[in-house]
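Visitor: Quick one: structure below, then a few questions.
Residue numbers (mature numbering (1 follows the signal peptide of the UniProt record, and there is no 0)): -22 to -1, 1 to 177.
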C-alpha cells in the first residue's frame, strides 16, 4: 500500500472518530450512568455529546415509568442549559438549535428553569425536600443568569423553605455548604444580598 493511500485511510478513520462526539464514553443503557457521563463531558467542555446522553436518559426513564429517574434526568438537562460549556458551541446552537427544539441559545436559562421546575415538582411530590432545596437553589441561579431578579429572590426563598421542611422531616439533616458560610440559611442570605433581594 503506498504512502498516500495509507495517509488517506488514516484521515478517513480519524474524521470518523472525530465525528463520533462521545468518543471515550463507554456505552451504557443505565440512565444514571448516562447522566454521570454527561456531567463529565460538560466538565470537559463537550456539550454536544452531553446533551445526547441526557436526552437518552430522559427517554429511558420515561420508558421505564420511573419518576425519580426522570426527575434526575430533568435536573441534568436543567443544569446542562446553565453550563458555561455551551458557549463553546454557541454558533452551532444559534444556527441549528438543541435536541430540545423548543430551546434557543438566547433563552437557555429560561429552558434550564423549565427542566429544573419539572424535576422539582416530582421530588416535591415524593417528599424529597433535600433535592427540592437544591433544585430551588439552582433555579435561583438560573433566574439570575436570565436577569430575572424577582424570580431569583423567590427561588432562593423557596430553597430556604424547602431546607426547613427537610429538617422538620429529617431531624439532624444538614445541608452541606462551604465552611465560610456555616449554615444554609447564611448561604442563602448571601445569595439574596448579592441579587439585592428585600428582607
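By construction, the Cβ of each residue, glycine as well, lies at the ideal position given by its N, Cα and C atoms.
On a predicted model such as this, the values are computed, not experimentally measured, just so you know.
In chain order, which continuous runs of the alpha helix (DSSP H) of length 4 or greater are located wholly inside the stretch 47 to 95?
Guide: 68 to 74, all fully within the stretch 47 to 95.
Visitor: Exposed or buried, residue 105, counting other C-beta atoms within 10 Å across all chains shown (16 or more means buried)?
Guide: Counting Cβ neighbours within 10 Å, residue 105 comes out exposed, since fewer than 16 surround it.
Visitor: Are residue 27 and residue 66 close, meaning C-beta to C-beta below 8 Å?
Guide: It is not a contact, given that the beta carbons lie outside the stated cut-off.
Visitor: Could you check how far apart the C-beta atoms of residue 94 and residue 113 are, in whole angstroms? I think they sit under 8 Å.
Guide: Going by Cβ atoms, the distance from residue 94 to residue 113 rounds to 5 Å, so yes, they are a contact pair.
Visitor: Based on Cα-Cα distance, which residue from 13, 154, 84 lies nearest to residue 51?
Guide: Of the listed residues, the one whose Cα sits closest to residue 51 is 13.
Visitor: Taking the CB atoms as reference points, tell me whether residue 117 and residue 102 lie closer together than 8 Å.
Guide: No, they are not a contact pair.
Visitor: Given a cut-off of 8 Å, decide if residue 31 and residue 21 are closer than it, judged by their beta-carbon atoms.
Guide: Contact: no.
Visitor: Can you tell me whether residue 147 is buried or exposed, with buried defined as 16 or more other CB within 10 angstroms of its CB?
Guide: The residue in question, residue 147, is exposed, as its Cβ has fewer than 16 Cβ neighbours within 10 Å.
Visitor: Relative to the alpha-carbon of residue 172, which residue among 130, 6, 92 has its alpha-carbon at the smallest distance?
Guide: Closest by alpha carbon: 130.
Visitor: Among 166, 48, 38, which has the Cα closest to the Cα of residue 97?
Guide: When each option's Cα is compared against that of residue 97, the closest is 48.
Visitor: In the stretch 127 to 172, which residue ranges form an unbroken alpha helix (DSSP H) of at least 4 residues, counting only runs that do not cross its ends?
Guide: If we require 4 residues or more, the alpha helix (DSSP H) runs fully inside the stretch 127 to 172 come out as 127 to 147.
Visitor: Verify whether the separation of the beta carbon atoms of residue 40 and residue 77 is less than 8 Å.
Guide: No, the pair does not count as a contact, with Cβ atoms beyond the cut-off.
Visitor: Measure the Cβ-Cβ separation of residue 87 and residue 72 and say whether it is below 8 Å.
Guide: Against a cut-off of 8 Å, the Cβ pair of residue 72 and residue 87 comes out as no contact.
Visitor: State the DSSP-derived secondary structure class of residue 125, mapped to helix, strand or coil.
Guide: Of the three classes helix, strand and coil, the one that applies to residue 125 here is coil, per DSSP.
Visitor: Could you have a look at residue 97 and say whether DSSP puts it in helix, strand or coil?
Guide: Residue state, collapsed to three classes: helix.
Visitor: Are the CB atoms of residue 128 and residue 60 nearer to each other than 8 Å?
Guide: Going by C-beta atoms, residue 128 is not nearer than 8 Å to residue 60.
Visitor: What do you get for residue 8, buried or exposed, if any count of 16 or more other CB atoms within 10 angstroms of its CB means buried?
Guide: Flag for residue 8 reads exposed.
Visitor: Between the C-alpha atoms of residue 53 and residue 63, what's the straight-line distance to the nearest angstrom?
Guide: So the alpha carbons of these two residues sit roughly 17 Å apart.
Visitor: DSSP three-state call for residue 118: helix, strand or coil?
Guide: The answer is helix: DSSP assigns residue 118 an H, G or I state.
Visitor: With distances taken from CA atoms, which of 152, 122, 74 is nearest residue 109?
Guide: Looking at the Cα atoms, 152 is the closest of the given residues.
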